[in-house]
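Protein chains in written order, with my numbering: chain A, 1 to 260; chain B, 1001 to 1282; chain C, 2001 to 2347. In this text, a Cβ means the ideal position worked out from N, Cα and C, and glycines have one as well. Accompanying notes for the structure given below.
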Amino acid sequence: MKARAALGWVYLAALFTFVFAPIGASVVFSFNSDRFPTLPLGHFTTDWYARAFSRPEVWEAIGNSLIVAGVTSVVATFIGFATAYTDFRYGFRFKQAYLALALLPPTLPLVILGLAMLAWLSQIGLSGTLTGIIIAHVVLATPFAMAICRLRLSQMDPALEAAAWNLGAGQWTAMRHVILPFCAPAIVSALCLTAAVSFDEFVVAWFVSGLNRTVPVMILEILQGNVDPQINAIGTVVFLTSMSLVIAAQFMIFRRRRHG
Amino acid sequence: MSTSRKLDPYAILWRIPLLVWQGLFFVVPLVFMAAMSFWLVKNYRMEPAFVFDNWAKMLGRGAFWDAYWLTLGRAALAGLLATVIAFPASLFLSFGLGESGRRFALLCLIVPFFTSFLVRAYAWQVILAESGPVNAALGVAGLGPFTMLNSGFGAMVGYLTLVLPLVVIFQTWSLAAIDRSLIEAAGNLGAAPLRVLVSVIIPAAKTGLVLGAVFAFIMTFGDFVSPFYLGGSKPPTLTILIIDTTKSGQQWPRAAVVALAMIATLFAVATAALKAAYGRRG
Amino acid sequence: MAEPLVQFRAVHKAFGTYVAVRALDLDIHRGEFMALMGPSGCGKTTTLRMLAGLEQPTSGTITIEGKVMNGVPPHHRDTPLVWQSLALFPFLNVVENVEFGLRMRGIATKARRDRAMLWLDRMQLTGFETRRIDQLSGGQRQRVALARSLVTEPQMLLLDEPLSALDAHLVIRMQGVLTKLQKELGITFVYVTHSQSEAFAMADRVVIMGHGEIEQIGTPQEIFRGPKTRFVAEFVGRNNILSGSVTDGMMTTAQGIVPVLSCDGPMEIVVAADRVALSRDRPAGAAIRAAFLSEEFAGTGIICYFETPDGAEWKAQVTEAQLADLQPETGQDFWLSWDPARVHVIG
Chain A
1 MKARAALGWV YLAALFTFVF APIGASVVFS FNSDRFPTLP LGHFTTDWYA RAFSRPEVWE
61 AIGNSLIVAG VTSVVATFIG FATAYTDFRY GFRFKQAYLA LALLPPTLPL VILGLAMLAW
121 LSQIGLSGTL TGIIIAHVVL ATPFAMAICR LRLSQMDPAL EAAAWNLGAG QWTAMRHVIL
181 PFCAPAIVSA LCLTAAVSFD EFVVAWFVSG LNRTVPVMIL EILQGNVDPQ INAIGTVVFL
241 TSMSLVIAAQ FMIFRRRRHG
Chain B
1001 MSTSRKLDPY AILWRIPLLV WQGLFFVVPL VFMAAMSFWL VKNYRMEPAF VFDNWAKMLG
1061 RGAFWDAYWL TLGRAALAGL LATVIAFPAS LFLSFGLGES GRRFALLCLI VPFFTSFLVR
1121 AYAWQVILAE SGPVNAALGV AGLGPFTMLN SGFGAMVGYL TLVLPLVVIF QTWSLAAIDR
1181 SLIEAAGNLG AAPLRVLVSV IIPAAKTGLV LGAVFAFIMT FGDFVSPFYL GGSKPPTLTI
1241 LIIDTTKSGQ QWPRAAVVAL AMIATLFAVA TAALKAAYGR RG
Chain C
2001 MAEPLVQFRA VHKAFGTYVA VRALDLDIHR GEFMALMGPS GCGKTTTLRM LAGLEQPTSG
2061 TITIEGKVMN GVPPHHRDTP LVWQSLALFP FLNVVENVEF GLRMRGIATK ARRDRAMLWL
2121 DRMQLTGFET RRIDQLSGGQ RQRVALARSL VTEPQMLLLD EPLSALDAHL VIRMQGVLTK
2181 LQKELGITFV YVTHSQSEAF AMADRVVIMG HGEIEQIGTP QEIFRGPKTR FVAEFVGRNN
2241 ILSGSVTDGM MTTAQGIVPV LSCDGPMEIV VAADRVALSR DRPAGAAIRA AFLSEEFAGT
2301 GIICYFETPD GAEWKAQVTE AQLADLQPET GQDFWLSWDP ARVHVIG
């Protein structure tokens, strides 16, 4: 029995190592002096960071990414919440189709969505703009916001909203004083997670971005050239950002679950 | 639950945003892309038309079918490998760990899903390079150096990095949900552990196993980072074909043909798999 | 008599093809404690929800104080409800929960806090103002819910199975709290329940509903001793029902021929379990034979269950001494007899 448990731990550790190796390696290499890292490692340096973040186009990309992720998270969370609430409260014909529309986008390969977006956005004159990237990212991120808000609403006693009406609150007031406060942790969580989705997305963004590159698109374009450890430095910052967002999102969900 | 049958402005406000946004920016682009596949391209300009030229050009080309079968084969292989590799880990997570340990492990596995796959692929490029750390370590043992990049192997490493976390999550969810008494009962009846696994655990966890494999298939089928940066992009997969066709000149209609062929394939595979996952057992 | 506070007139409610309430006529008077009772799915909760405006009648009218309420949304009514789940707001503390109704009515912060505190005091919850809801016991939550509903000083209070989640001993105590409160405030209570002990212990009048219709309205005593329909007889109390037809004072039933004191024709009679006597030998008068099944200790005595040869279940209430005397064993045959003058004729 003990041997089997030990074997289990070893296997699990190996799998986790494989999954997290690229993340860890990227962080390690970003502080490593070698241009082509190998074993044994070179010496510690912050040189790659200094070089990467002294480039104005990096800062421009960071600015673009922040704008896109910020706007995307707000819009996607609003649509996701509205959809989750509709699903929670109303029954109507074609609801299955409505929900399919809400949840399908992430199952479509990004390359295909990128192509379709590029074609359509050029048609309506939004290709190559930040607005275009935001539009595409909202499509991709809304399902995540919807799922998180729906999960939270399913933990709510359905009588709660009716109780507010019963105590003199109209629908809008009940939304403000009951539904929104109840869903607050899920909404914060959805904001974080949709921001992370947008911050990491590079396929669709690459198709439609034109000259307005986001951070991952810039990485992609650097990658098409030579091996450059600056990517590790930028990548580490990107990892840290999205991981903090995802962990913050998870923290919000689980902290609240504990006390009801 | 609604107070009246009629649609009030309140109800409309919450229902409309999704319809508008996903309608205008998800459904319409896809429909537009489908329509575009019948357009004409003359002098690097697209013209609305209804001709089958693009379909004939793409589907009549050997290179397209090479890419198609390559992509399909790789996706199937990745689905299979991921399922097999993930299974022992999921088994351990489900039966060897407590509730809180399992939950923590799954939370960790969600994290990579939201972290840049591009940077992770680049890290693999460095790790697996001819003079990289892996070959250096193997060299100490007197092995290698091996060429791991720009090959099917390199692409597969990328695919597995992408899909393994999700496959483990799906499998663990369905394994952990199995009624323990079922397993104990089988054990009490004298079934050997391997037999319990094959005739009790795997059938009971079928849904999660199939869903995990299908998602691995779908993600691999649509991924371009692994074949491009780790697989050496030659021979091309369907995704690389789309990118090359799109980015070189105005051949969007032909790229649309490839995209539609991919959608049709994914739809068929997903439908068949869902039937297998939720259909009658045994 | 003064005009009723609430009038239901020919009220019909359908959900799609399912009819929840049909042709309901009901008056609820000022200051009365009325219980709506029936099995689940009988339409009692729908009736209550229509009164609160949470459902709209498909047809018919509901008036409150003479005013037609059809189409009036819930927040424009003064019909606070105590929910089965209590529906306390988990993100608000105790006093914020209680003052919610006042806040919705735009009462100033200071005034509403004072009034909420008054009600917390009345409900013996002083000192719990800033507690979170999940830090309260079941009985305390119950009282917060009551305070939250009563803080606006309504004409009537609606209660939807509010005690169903409580332990048995707390139920009895809360019944006392509710009856006392209703008498002190002098307002109308409309109380929905499936439990006859709750309804009969508290209500002035009980409405029995079945399949969306009213089966009987009356005081607890009237309903207990005089069920008007077979449905009520089966639902209420511990009743045995005999149906058959009467000729010359003898009633022919599937369980045997028994004497009755009524005219000829088909009829159904109710023999209450506490009016059934047991014996091993055939007594004179009205009696049937049945096999003993089991006994059950109830608060008022011991209920013995029997099965007649044709498969009907009969109940007889006995004392502990009687049970010790009889020493019944499963399968043994007994005679179940009663005084024909003390049966109730249905209809």
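Could you check the C-alpha separation between residue i and residue j for me, to the nearest Å?
i	j	result
residue 157 of chain A	residue 2130 of chain C	22 Å
residue 218 of chain A	residue 199 of chain A	12 Å
residue 2051 of chain C	residue 2014 of chain C	15 Å
residue 259 of chain A	residue 2134 of chain C	Unreliable positioning characterises residue 259 of chain A in this predicted model, as indicated by a pLDDT of 45, which lies under 50. The coordinate reading is nonetheless provided below. Cα to Cα, the separation comes out at about 8 Å.
residue 125 of chain A	residue 132 of chain A	9 Å
residue 1118 of chain B	residue 224 of chain A	11 Å
residue 20 of chain A	residue 1113 of chain B	11 Å
residue 1282 of chain B	residue 1273 of chain B	Legend: pLDDT at residue 1282 of chain B = 40, less than 50; position of this residue unreliable, value from coordinates given subsequently. Residue 1282 of chain B and residue 1273 of chain B: Cα-Cα distance of roughly 15 Å.
residue 2268 of chain C	residue 2215 of chain C	16 Å
residue 118 of chain A	residue 152 of chain A	35 Å
residue 1067 of chain B	residue 1027 of chain B	27 Å
residue 2218 of chain C	residue 2206 of chain C	6 Å
residue 237 of chain A	residue 66 of chain A	13 Å
residue 2005 of chain C	residue 2065 of chain C	5 Å
residue 137 of chain A	residue 1115 of chain B	15 Å
residue 1071 of chain B	residue 1088 of chain B	27 Å
residue 2023 of chain C	residue 2044 of chain C	13 Å
Identify the continuous alpha helix (DSSP H) that holds residue i and give its terminal residues.
i	result
residue 2163 of chain C	Segment: none, residue 2163 of chain C is in no alpha helix (DSSP H) and carries neither H nor E.
residue 1321 of chain B	Because chain B is modelled from 1001 through 1282, residue 1321 of chain B falls outside the range shown and cannot be assessed.
residue 2302 of chain C	Residue 2302 of chain C -> not in any alpha helix (DSSP H); beta strand (DSSP E) instead, spanning 2301-2307.
residue 2050 of chain C	2044-2052
residue 2143 of chain C	2138-2150
residue 1275 of chain B	1252-1278
For residue i, does the count of other Cβ atoms within 10 angstroms reach 16, so buried, or fall short, so exposed?
i	result
residue 2309 of chain C	exposed
residue 2315 of chain C	buried
residue 2076 of chain C	exposed
residue 2028 of chain C	buried
residue 183 of chain A	buried
residue 1140 of chain B	exposed
residue 167 of chain A	buried
residue 2138 of chain C	exposed
residue 9 of chain A	exposed
residue 2119 of chain C	buried
residue 2054 of chain C	buried
residue 1048 of chain B	exposed
residue 1216 of chain B	buried
residue 161 of chain A	buried
CB of residue i to nearest heavy atom of the ligand GDP: below 8 Å?
i	result
residue 111 of chain A	Among the ligands in the structure shown, none appear at all, so the ligand GDP cannot be discussed.
Counting along the chain, where does the beta strand (DSSP E) carrying residue i start and finish?
i	result
residue 2214 of chain C	2213-2218
residue 2291 of chain C	2286-2298
residue 2018 of chain C	2018-2028
residue 2279 of chain C	2277-2279
residue 2335 of chain C	2333-2338
residue 2252 of chain C	2250-2253
Q | Contact list for the region 160-192 of chain A against chain C, Cβ threshold 7 Å | A | 160, 162, 163, 165, 166, 167, 168, 169, 170, 173, 178, 181, 182
(Q) If contact is defined by three or more beta carbon pairs under 8 Å, each pair taking one atom from either stretch, is the region 1219-1226 of chain B in contact with the region 1108-1127 of chain B? (A) yes
Q) Three or more C-beta pairs closer than 8 Å, one from the region 2085-2100 of chain C and one from the region 2058-2070 of chain C: is that the case here? A) no
Q | Residues within the region 2065-2088 of chain C neighbouring chain A, beta-carbon criterion of under 9 Å | A | 2073, 2074, 2075, 2076, 2077, 2078, 2079, 2080, 2081, 2083, 2084, 2085, 2086, 2087, 2088
Q: Give, in chain order, every residue of the region 2094-2111 of chain C whose Cβ lies closer than 7 Å to some Cβ of chain A.
A: 2100, 2101, 2104, 2105
Q | Interfacial residues, the region 82-115 of chain A to chain C, with Cβ spacing under 8 Å | A | none
**Q.** Members of the region 1162-1173 of chain B that neighbour chain A once the beta carbon cut-off is set at 8 Å
**A.** 1164, 1165, 1168
Q: Would you check if there are 3 or more beta carbon pairs closer than 8 Å linking the region 1067-1085 of chain B to the region 1157-1168 of chain B?
A: yes
Q: Give a yes or no on contact between the region 2028-2042 of chain C and the region 2190-2207 of chain C, applying the rule of three or more CB pairs nearer than 8 Å.
A: yes
**Q.** Residues within the region 1112-1132 of chain B neighbouring chain A, beta-carbon criterion of under 9 Å
**A.** 1112, 1113, 1114, 1115, 1116, 1117, 1118, 1119, 1120, 1121, 1122, 1123, 1124, 1125, 1126, 1127, 1129, 1131, 1132
Q: Please list the residues of the region 2275-2300 of chain C that have a C-beta atom closer than 8 Å to any C-beta atom in chain A, keeping them in chain order.
A: none
Q: Examine the Cβ distances between the region 72-89 of chain A and the region 126-145 of chain A and report whether three or more of them are shorter than 8 Å.
A: yes
Q. So does the region 2016-2025 of chain C actually touch the region 1247-1256 of chain B, counting three or more Cβ pairs closer than 8 Å?
A. no
Q. Taking Cβ-Cβ distances below 9 Å as the criterion, which residues of the region 2052-2066 of chain C are in contact with chain A?
A. 2052, 2053, 2054
(Q) Three or more C-beta pairs under 8 Å: does that hold for the region 2120-2128 of chain C against the region 189-209 of chain A? (A) no
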